[in-house]
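In the numbering used here, the protein residues as written are 799 to 945. Note sheet for the following structure.
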């Protein structure tokens with residue numbers, strides 16, 4: 799693809815699907831303080847020089863106050879329209895934690911929700927990620943590769 803200027807690359811992000819110990823079939827979501835406002839999977843931008851897994855643990859702690867243990871690399875999401883602010887590529891991890899989440903950093907709230915009773919609105923492409931996660935838990939099959 800030809801370019802008439804500097805490279806415009808997507809920005810790497812991470813998201814973390816957190817299950818709280820003793821509460822199977824649930825996930826932690828945050829209420830975003832900033833635009834776009836709504837409920838989201840905890841996550842954020844990867845800092846320069848930072849490993850993806852370290853960014854995931856850091857973002858989960860900043861937004862939920864939970865210390866997470868990453869258990870799996872789940873999937874990557876790269877739809878150029880997934881984030882209305884700019885083109886991002888998210889690496890999504892599965893994690894577990896103990897305790898009760900509390901909103902921090904740019905999250906005004908953090909709560910545990912049953913996967914069959916999620917709040918709305920859910921922002922970004924997080925409804926797709928959550929649906930993929932529900933299907934994965936039910937079937938063991940990874941999400942399809944999307945264009």
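We put the CB at the ideal spot given by N, CA and C, even for glycine.
The DSSP-derived three-state label of residue 885 is coil.
Rounded to the nearest angstrom, the gap between the Cα atoms of residue 897 and residue 804 is 46 Å. C-alpha of residue 829 to C-alpha of residue 889: approximately 20 Å in a straight line. Distance check between residue 846 and each of 920, 810, 915, 879 places 810 closest, using alpha-carbon atoms only.
Of the candidates 918, 934, 936, 918 places its Cα closest to the Cα of residue 835. Looking at the DSSP output, residue 843 shares a beta bridge with 811. In terms of CA proximity to residue 881, 920 leads the group 920, 861, 816. Scanning 842, 821, 915 for the CA closest to the CA of residue 814 turns up 842.
In the assembly as shown, residue 862 is a buried residue. Its beta-carbon has 16 or more other beta-carbons within 10 Å.
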